[in-house]
Amino acid sequence: MSGDGGASATVRLRGRQADLGPALRRVAETVLADPRAASGMTIGDLARASDCSEATVVRLSHELDYGGYREFRMRLAEETAVAREREGDGAYAGDIDPDDELAAVVGKIAAADTRAVQETAEGLDLAALADVAAAIAAAGRIALFGAGASGLAAADLQSKLARIGLAATVHVDPHAGLPAAALLRAGDVAIGLSHSGRTADVIDALSIAREAGARAVAITSAPASPLAGSVWRILMTAAHESAFRSGATASRIAQLTVVDCVLVAVAQQLPDLGRDALARTRAAVEHRRVG
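Take the sequence shown: its position 256, counted from the start at 1, is 256 in UniProt numbering, and no numbers get skipped.
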C-alpha cells in the first residue's frame, strides 16, 4: 500500500524519488528544483527540460497516483499557490546556505519545521491512523524500532504510550531488536520508524515481526521504499532536509507530529484507562516540581 494518497505532489515526489528509474528521476528532479516553474510547463516543456519523452512524464504522473499529467500539473499549481501564501515574501524559503546570517538560519529552520508539520498533517492517511490506533489499543505487545534520530522519535512514542498505561518496548540496537521482533505474535504490533525507509535494521525487524504474526506499521516519508513495501499500514511523514541539516531536524519534527497523532488517537480508543493513567502518572511526578 502506498500510504501517500493525501500527500501533496512534491511530498509524493520526494518520497518516491529514490525508487524511480533514471528517466523518471530526471523529471522528478526538474520539478523539485523549481515546483512553481514546473507547474506552468506543458507536458512537452517538462519533457524537454528533463531530457526525456512525453510518455515518461505521463508515466511519472501515474507513478504518483494521478490520472495523468493534467491532474499532476493542476495539483502542483495548487500546492505552489498555497506555499506562496504561507511563505509571504519568501525571505525564509529555500535551503540553508553556508553564508546565511544567523537570523536567516533560524528563520529557515522555523519555516521548514512548520512546513513539515503542515504537510505531514495534510498528507496523513486518517483511515490508516485509525486502524493503527485500534491495533495498538488492543495489542498484547507493542514493539518500536528505529535508529539515529528515528530512534529518538520511537523512544518518544514509547514514553507517551506509557503515560496512558500502555507498555511498549523500544529497540535501537539490532542485536536486541531482532530477537524481540521474533518473539512477537498475532495480536501484537511492531512499528518501525525510518525517514528514508531504507534503514536495514528497521526493515529486518519489521520483516521478522510480520513473519511472527504481528501487524507491522511503518512511519516513513518514502511509501515506495523497502520498509513500506510489505507492511500492514503506512503513516507518511513529509520533510525535506537540506545539506546543512544533517541532524535530520525537519524529519524528526514530522515523525514527532505522527507520534502525537498516534498517541491521541490511541487515547481516544481507551478513554477511561487513558484518563486514569494520565492522572496517576501526573500525580507520581508532581512532587518533583520546584517552586
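A virtual CB, placed ideally from N, CA and C, is assigned to each residue, including glycine.
Subject >> Whole runs of the beta strand (DSSP E) within the stretch 220 to 282, excluding any shorter than 3 residues >> reply: 233 to 236
**OP:** On a CA-only basis, which of D188, S39, E101 is nearest A212? Give me that one, please.
**Re:** Closest option to A212, Cα to Cα, is D188.
Original post:
Apart from the five residues just before and just after S196, which ones in its own chain have a Cβ nearer than 7 Å to its Cβ?
Top reply: A222, S225
Subject >> Exposed unless 16 or more other CB atoms sit within 10 angstroms - verdict on G15 >> reply: Answer is buried; the Cβ neighbour count reaches 16.
**OP:** Name the residue from I191, T199, R198, A239 whose alpha carbon lies nearest to the alpha carbon of R210.
**Re:** The shortest Cα separation from R210 among I191, T199, R198, A239 belongs to I191.
**OP:** Go ahead and label R289 buried or exposed: buried means 16 or more other beta carbons lie within 10 angstroms of its beta carbon, across all protein chains shown.
**Re:** exposed
**OP:** Could you tell me whether the Cβ atoms of L193 and A143 are closer together than 8 Å?
**Re:** With contacts defined as CB atoms closer than 8 Å, L193 and A143 fail to qualify as a contacting pair.
Subject >> Boundaries (first-last residue) of the alpha helix (DSSP H) holding H175 >> reply: 174 to 182
**OP:** Could you have a look at A216 and say whether DSSP puts it in helix, strand or coil?
**Re:** strand
Original post:
Sorted by chain position, which residues of the same chain lie with C-beta nearer than 8 Å to G247's C-beta, five sequence neighbours on each side aside?
Top reply: Note that G247 scores a pLDDT of 46, beneath 50, so its modelled location is shaky; the value from the coordinates is reported in the next line. Cβ neighbours of G247 beyond the five flanking positions: A149.
Subject >> Closest by C-alpha distance to residue 315, when choosing among C52, L124, L256, R233 >> reply: In the structure as shown, the chain starts at 1 and stops at 291, and residue 315 therefore has no counterpart that could be examined.
**OP:** Return the CA-CA distance between R163 and L129, expressed in angstroms with no decimal places.
**Re:** 20 Å
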